[in-house]
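The next block holds one structure in the form of structure tokens; read it before the comments.
Numbering (this note's numbering), first residue to last: 177 to 356.
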């Protein structure tokens, strides 16, 4: 059973890494880090926004799959063989099956907040939508200014203002909202 577990974990990571193969090794390592916050420090043009987008994609698609040592109780030897022999050019059905087999506790889009330093990076939801579809619209993405100001008693419009910034009142698909 331990051999099955180790093989499954390795195969799952390999499938997820293949899905993120357009990244260089350091970018892929950052995008596959799913446990806890991640601070990216790198020079201009090094791909920080790309890593952010791919990490959010990884979280929403695979959850903790790339970092976890857990194997689903329902996983079978057939599932393992499928992951171990995952093709380089999979069919859509292969991709759907792989995502189901690799996903572990994937969050909902509105449970993710992506904070950047630039408006350009915060506005890159179209790149994320290209990978995820419309659910990308439910991700909370912002520069660090609005949440920091709001947490200190101000708003993104200035310190001491009593007006709540509309961008910091996200609404979930269920209709509930939460203001920072």
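Note that beta-carbon positions come from the ideal geometry of N, C-alpha and C, so glycine has one too.
Asked: Residues that DSSP places opposite residue 250 in a beta bridge; Found: Beta-bridge pairing links residue 250 to no other residue.
Asked: Separation of residue 280 from residue 195, as counted between CA atoms; Found: 16 angstroms
Asked: Residue 183 versus 220, 308, 314 and 261, residue with shortest Cα-Cα distance; Found: 261
Asked: Beta-carbon proximity of residue 282 to residue 209, cut-off 8 angstroms; Found: no
Asked: For residue 282, three-class secondary structure by DSSP; Found: coil
Asked: Neighbourhood of residue 244 by C-beta distance below 6 angstroms, restricted to the same chain and skipping five residues each side; Found: 280
Asked: Residue 285, buried or exposed, once every other Cβ within 10 Å from all chains shown has been counted against 16; Found: buried
Asked: Contact set for residue 207: own chain, Cβ-Cβ below 7 angstroms, skip 5 residues either direction; Found: 196, 199, 227, 230, 231 and 234
Asked: Chain-order list of residues whose beta-carbon lies under 8 angstroms from that of residue 192 (same chain, five-residue window excluded); Found: 208, 234, 238, 241, 242 and 278
Asked: Cutoff 8 angstroms; reference residue 266; Cβ partners in own chain excluding five residues on either side; Found: 274
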